[in-house]
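In the numbering used here, the protein residues as written are 134 to 423. Just so it is clear, CB atoms sit at the ideal spot from N, CA and C, and this is done for glycine as well. This report concerns only the one structure given below.
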Amino acid sequence: MFRAGYYSGVTLVDSYIGMVLDALDELGVADNTIVVHTSDHGYLLGEHAEWAKQTLYDNALRIPLMIRTPASLMHARAERIDRPSGQSTPQPQLQAQPRPRRIAHGIVELNDLYPTLAELAGLPAPAASVEGKSFAALVVDATEREAPFRRFALSQYPRCLTDGIQLDVFHNNTCEGVLPASFSYMGYSIRTRDWRYTAWFVWNGTSCVPQWTEVHGRELYDHRLSTTGNRTNLNDFDAFENENLASNSEHAGIVAELHAELIAAAQGPAWELGCPGVPASGSRQRRLGD
């Protein structure tokens, strides 16, 4: 019933999106309005014996991201075709299938959304201290949509082994209601086009930063066969990250490469939480996602 309720909610949101788009048309503001459909996290519906969002698996981290700009709306209208001749009042009719070039495959992060919307709206670029970078080119230029934007997306989430009821470091330990000083581990995960690599670091509860040389666990998932064209390949066993390849000697090289990239990206004040009253190693602290 939980899954049925979730799918029902998705259907309801889909209908609401249509209502919003219709209202923009009726108000005559669709031609100067940017519409973004996204989410702050994904959701697990029993995969990996997990529910909700508090993991570093693909299903919990990947989100929908659809953007309609006035330019893309005009492009869609230009693709309308008239009904065959012989009818007294030709009416516009949408093509049955959207063109594949409408889909951009670049890897982006949610913190890229602010600078992207600023550029699309013709506003000044955010200050250099603002995290994220604009992916407006992926939205407006079809020739850019297959080009790399980011090498990977970075995410983090803690694990707490505090009350003795958790199965292990990977299950049922979401740190809800736990202060950062009491975290047990901090997980960082990078997702490239082909791989997801996650490392769990021992957490220093005094300074509230990871012990970067103390890796408690690693995960490596192969996504090289996860997509066929623009669709998830449901016949690919590891499309849903069921087989951890981190300890496989065949993949030692990719583990080392991705671990070095993860460390370089995650170290520093932008990703160090800091304890209340104890500043992180730099001037900024990042709020951990709920």
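Test item: CB-CB of residue i and residue j under 9 angstroms
| i | j | result |
| --- | --- | --- |
| Tyr-354 | Arg-329 | yes |
| Leu-271 | Ile-167 | no |
| Leu-160 | Gly-320 | no |
| Ile-240 | Ala-314 | no |
| Ala-372 | His-356 | yes |
| Pro-343 | Ala-389 | no |
Cβ distance (whole Å) where residue i is taken to contact residue j below 8 angstroms
| i | j | result |
| --- | --- | --- |
| Thr-249 | Arg-284 | Not confirmed; about 18 angstroms, so no contact. |
| Glu-352 | Thr-331 | 4 angstroms |
| Ile-449 | Trp-345 | The requested residue 449 is not part of the displayed model; the chain covers only 134 to 423. |
| Ser-288 | Ser-317 | About 18 angstroms separates the two Cβ atoms, so there is no contact after all. |
| His-170 | Met-199 | 4 angstroms |
| Val-273 | Ala-204 | 6 angstroms |
Pairwise C-alpha distance: residue j and residue i
| i | j | result |
| --- | --- | --- |
| Asp-245 | Leu-178 | 27 angstroms |
| Asn-471 | Cys-293 | What is shown of the chain runs 134 to 423, which leaves residue 471 out entirely. |
| Leu-425 | Ala-258 | Nothing about residue 425 can be reported from this structure: the residues present for the chain run from 134 to 423 only. |
| Ser-340 | Asp-147 | 44 angstroms |
| Gly-338 | Glu-383 | 35 angstroms |
| Pro-225 | Ala-163 | Because the pLDDT of Pro-225 is 39, which lies under 50, any placement of that residue in the model is unreliable, and the number read from its coordinates should be weighed accordingly. Cα to Cα, Pro-225 sits roughly 18 angstroms from Ala-163. |
| Leu-133 | Ala-385 | With the chain covering 134 to 423 only, the question about residue 133 has no answer from this structure. |
| Gly-310 | Glu-183 | 19 angstroms |
| Ala-260 | Ser-267 | 12 angstroms |
| Leu-157 | Leu-243 | 25 angstroms |
| Pro-281 | Glu-394 | 16 angstroms |
| Ala-137 | Ile-150 | 20 angstroms |
| Gly-255 | Gly-265 | 17 angstroms |
| His-349 | Met-152 | 48 angstroms |
| Arg-232 | Ser-380 | Residue placement at Arg-232 is flagged as unreliable, the pLDDT there being 41, under the threshold of 50; the coordinate-derived value follows with that caveat. The alpha-carbon atoms of Arg-232 and Ser-380 are separated by roughly 41 angstroms. |
| Ser-172 | Cys-408 | 28 angstroms |
| Tyr-247 | Trp-336 | 31 angstroms |
| His-181 | Leu-145 | 27 angstroms |
| Tyr-139 | Leu-312 | 30 angstroms |
| Met-134 | Asp-191 | 23 angstroms |
| Lys-186 | Leu-358 | 24 angstroms |
| Gln-230 | Ala-251 | Low confidence applies to Gln-230: its pLDDT is 42, below 50, so where it sits in the model is not reliable enough to give any reading. |
When the options are compared against residue i, the one with the closest alpha-carbon
| i | options | result |
| --- | --- | --- |
| Tyr-176 | Val-169, Tyr-149 and Gly-142 | Gly-142 |
| Thr-307 | Ala-156, Ala-193 and Arg-136 | Ala-193 |
| Pro-197 | Ser-322, Pro-313 and Ile-236 | Ile-236 |
| Thr-387 | Tyr-140, Leu-358, Gly-350 and Asp-327 | Going by the sequence as given, residue 387 is Ile instead of Thr. Answer by Cα proximity: Asp-327. |
| Ser-206 | Gln-187, Arg-195, His-174 and Asn-165 | With the sequence shown as reference, residue 206 is identified as Leu, and Ser is not the correct amino acid for it. For the residues Gln-187, Arg-195, His-174 and Asn-165, the minimum Cα distance to Leu-206 belongs to Asn-165. |
| Arg-201 | Ala-269, Trp-336 and Val-335 | Ala-269 |
| Leu-195 | Glu-180, His-174 and Val-335 | A small correction: the amino acid at residue 195 is Arg; Leu does not occupy that position in the sequence shown. When only C-alpha atoms are compared, the closest one is His-174. |
CB contact below 9 angstroms: residue i versus chain D
| i | result |
| --- | --- |
| Cys-308 | The chain labelled as chain D is not found in the depicted structure, where only one protein chain is given. |
Closer than 8 angstroms: residue i CB and nearest the ligand FMN heavy atom
| i | result |
| --- | --- |
| Val-169 | No copy of the ligand FMN appears in this structure; indeed no ligand is present at all. |
Legend entry - beta strand (DSSP E) runs wholly inside the region 312–368, at least 3 long, in chain order: 318–324, 328–337 and 342–355
Inset, instruction - Could you pull out every unbroken alpha helix (DSSP H) segment of at least 4 residues lying fully inside the region 148–209, listed in chain order? - result: 191–194
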